[in-house]
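Start counting the sequence shown at 94; every next residue gets the next number (my numbering). The beta-carbon is built from N, C-alpha and C at its ideal position, and this holds for glycine as well. Please read all numbers here as calculations on a predicted model, not as lab measurements. First the structure, in the form of structure tokens, and then the observations on it.
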Amino acid sequence: MSSIAKARAPKAMKVAYVDIAGQHRPLKAELLKAVGGVLDSGQLILGPQVEAFEKALAKLCGVKYAVGLNSGTDALILSLRALGVGPGDEVITAANSFVASASCAAVLGAKPVLVDVRDDYNMDPILLDRALTPRTKAVIPVHLTGRPADMGPILEICRRRSVPIVEDCAQAIRAEYRGKRVGSFGAAGCLSLHPLKTLNACGDGGAVVTDDAKLYEQVKLMRNLGLQTRENCVVWSGNSRLDTVQAAMLLVKLKHLEEWTRARRANAAFYQTALAGIPGVVVPKDGPGEKAVYHTFIIQAERRDELKAFLAENGVDTAIHYPRPIHAQDAAKPLGYAPGAFPVAERQARRILSLPVYPGLTKAELGYVAETIRRFYH
Ligand SMILES: *Cc1c(COP(=O)(O)O)cnc(C)c1O
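Right, here's the structure in full:
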């Protein structure tokens with residue numbers, strides 16, 4: 094290497110893709126105090142912290158009700174069950190999502206029907222319109238990457254056909270579309286509180302948010318074995334309860350979500366400027382009327398695998414969400430989708446790369462990531 098090249102190469106840094114321990118460090122005393130309170134109370138199942146968290150969450154999402162659950166996956170399953178989805182029904186979702194957006198229908202005996210996405214990584218409303226049949230029992234738009242799906246046309250199409258919407262908000266709490274928070278558009282909004290999500294429990298967690306009193310009562314019943322009282326089970330169901338200790342810690346974290354979201358958006362804005370104009374790199378942006386929360390910051394890149402390897406060699410961890418679209422999963426074989434069925438999602442799967450965007454990143458780290466990408470393409 095020439096001395097000029099050496100002088101030009103920035104000093105190597107280590108940039109993690111996420112830093113959960115770093116998120117907890119400044120909150121540790123408060124989190125442990127919250128856990129201690131639950132331990133002392135002895136109310137480990139559906140204690141008062143669960144209800145307090147549900148109230149705060151409903152308010153945050155701009156709806157009347159929330160039900161705390163064990164996972165985002167069960168939030169989707171119970172929402173569909175509450176809407177009566179079962180064998181013979183079809184449920185439409187986006188081909189590029191996490192598998193849970195489709196498996197929730199399949200485990201109820203319904204058929205997941207996939208549609209392709211647009212540049213924004215979200216369901217194409219035109220393709221949704223074409224995919225609706227008389228058997229469609231629900232539509233699951235996914236606000237993937239923390240960017241709201243195009244709810245205007247999606248709502249209009251579903252209203253015309255009287256098909257309920259279950260929003261998959263697992264990556265998008267606080268994201269806004271035309272001034273309204275996601276989760277408040279459909280019959281139900283489903284949140285994941287998994288450790289890697291934007292609002293994260295210290296373990297698994299999830300929630301359903303809704304304005305529909307009947308759906309709320311149904312989901313609440315079904316999270317707790319269908320027990321209306323201790324003595325009477327009114328519907329067969331499993332156990333999908335949110336733990337009280339998790340709710341207690343979530344109440345601590347919830348106070349920081351606004352500041353964390355602001356930091357994610359600021360990190361995204363940094364990349365948007367720093368990565369502008371690199372040939373072969375497409376950078377995500379807010380669409381008109383949208384306020385994304387950048388759960389992930391996904392670029393599309395020429396020679397993606399080489400870029401990922403180059404970043405790794407230079408100390409930068411990245412991820413791919415997701416390398417294999419839903420129809421390419423082994424479990425999806427019976428659905429009968431051939432390779433090429435969803436050309437946009439498939440092309441994106443070969444080009445997407447998730448950069449570190451978590452709130453604790455420093456300016457120096459963000460700058461180093463951008464600079465390393467620039468160096469790769471020079
Ligand atoms: C994480 C996620 C889920 C599932 O949530 P869990 O809490 O892990 O069960 C569902 N849909 C999407 C889009 C997700 O990212």
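Restricting to runs no shorter than 4 residues, where is the alpha helix (DSSP H) found entirely within the segment 262-336?
306-315
Between His420 and ligand 1, is the CB less than 6 Å from at least one heavy atom?
no
Give me the residue from Arg397, Asp398 and Thr186 with the minimum Cα distance to Leu225.
The shortest Cα separation from Leu225 among Arg397, Asp398 and Thr186 belongs to Thr186.
Val409 versus Gly460: straight-line alpha-carbon distance, rounded
12 Å
Does DSSP put Gly460 in a helix, in a strand, or in coil?
helix
Span of the alpha helix (DSSP H), counted from its first residue to its last, around Ser194
Element bounds for Ser194: Ala193 to Ala199.
What are the partner residues of Val206, as DSSP defines its beta bridges?
Ile185
What do you get for Pro234, buried or exposed, if any count of 16 or more other CB atoms within 10 angstroms of its CB means buried?
Burial of Pro234 is indicated by the presence of at least 16 other C-beta atoms within 10 angstroms of its C-beta.
Between the Cα of Arg444 and those of Leu221, Cys326 and Val374, spot the shortest distance and give me the residue it belongs to.
Of Leu221, Cys326 and Val374, the residue nearest in Cα terms is Val374.
I need the straight-line Cα distance from Leu248 to Thr465, nearest angstrom please.
42 Å
Which residues in the same chain as Ala193 place their Cβ atom closer than 7 Å to its Cβ, once the five residues preceding and following it in sequence are excluded?
Gly165, Thr166 and Leu169
With the cut-off set at 7 Å, would you say Ile113 and Pro288 are in Cβ contact?
yes
Can you find a heavy atom of ligand 1 that lies under 6 Å from the Cβ of Phe551?
Absent from the structure is residue 551, since the part of the chain shown begins at 94 and ends at 471.
Closest to Asn163 by CA distance: which of Gln142, Gly319 and Leu286 is it?
Leu286
Where Asp243 falls, given that 16 or more other Cβ within 10 Å makes a residue buried:
buried
Give me the Cα-Cα distance between Arg468 and Ile138, rounded to the nearest whole angstrom.
Between the alpha carbons of Arg468 and Ile138 lies a gap of roughly 53 Å.
Cα-Cα separation, Ser277 to Leu201:
Cα atoms of Ser277 and Leu201: separation of roughly 24 Å, rounded to the nearest angstrom.
Status (buried if at least 16 other CB within 10 Å, exposed otherwise) for Phe191
By the 10 Å Cβ count, Phe191 comes out buried.
Could you give the first and the last residue of the continuous alpha helix (DSSP H) run that contains Phe390?
Where Phe390 is concerned, there is no enclosing alpha helix (DSSP H), although the beta strand (DSSP E) around it starts and stops at Phe390 to Ala394.
Can you find a heavy atom of ligand 1 that lies under 6 Å from the Cβ of Gly299?
yes
Beta-bridge pairing of Gly158 - partner residues as DSSP gives them:
With the sequence shown as reference, residue 158 is identified as Tyr, and Gly is not the correct amino acid for it. Paired residue(s): Thr303.
May I ask you to list the residues that DSSP assigns as paired with Ser447?
As DSSP reads the structure, Ser447 sits in a beta bridge with Ile391 and Ala412.
What does a CB cutoff of less than 8 Å around Ala306 pick up in its chain, not counting 5 residues either side in sequence?
So the list reads Lys157 and Tyr158, once near-sequence residues are dropped.
Out of Gly296, Val178 and Arg271, state which residue places its alpha-carbon closest to the alpha-carbon of Ile258.
Val178
Give me, in chain order, the residues of the same chain whose beta-carbon lies closer than 8 Å to that of Ile371; leave out the 5 immediate sequence neighbours on both sides.
For Ile371, where only same-chain residues beyond five positions count, the Cβ hits under 8 Å are Ile466, Arg467 and Tyr470.
Sort out for me which residues DSSP pairs Lys346 with in a bridge.
Looking at the DSSP assignment, Lys346 forms no beta bridge with any residue, so it has no partner.
In angstroms with no decimal places, state the Cα-to-Cα distance between Val328 and Gln393.
Those two C-alpha atoms are separated by around 46 Å.
Heavy atom of ligand 1 less than 6 Å from the Cβ of Phe191, yes or no?
yes
Our contact map puts Leu207 next to Ile419 with C-beta atoms below 8 Å; I'd like the distance itself, whole angstroms only.
6 Å
Given Glu352 as reference, the closest of Pro452, Lys426, Thr303 and Gly382 once Cα atoms are compared:
If we check each option's Cα against that of Glu352, Pro452 comes out closest.
Heavy atom of ligand 1 within 6 Å of Asp213 beta-carbon:
For Asp213, the shortest separation between its Cβ and any heavy atom of ligand 1 does not lie below 6 Å.
If I follow the unbroken beta strand (DSSP E) through Val232, where does it start and stop?
Thr229 to Ile233
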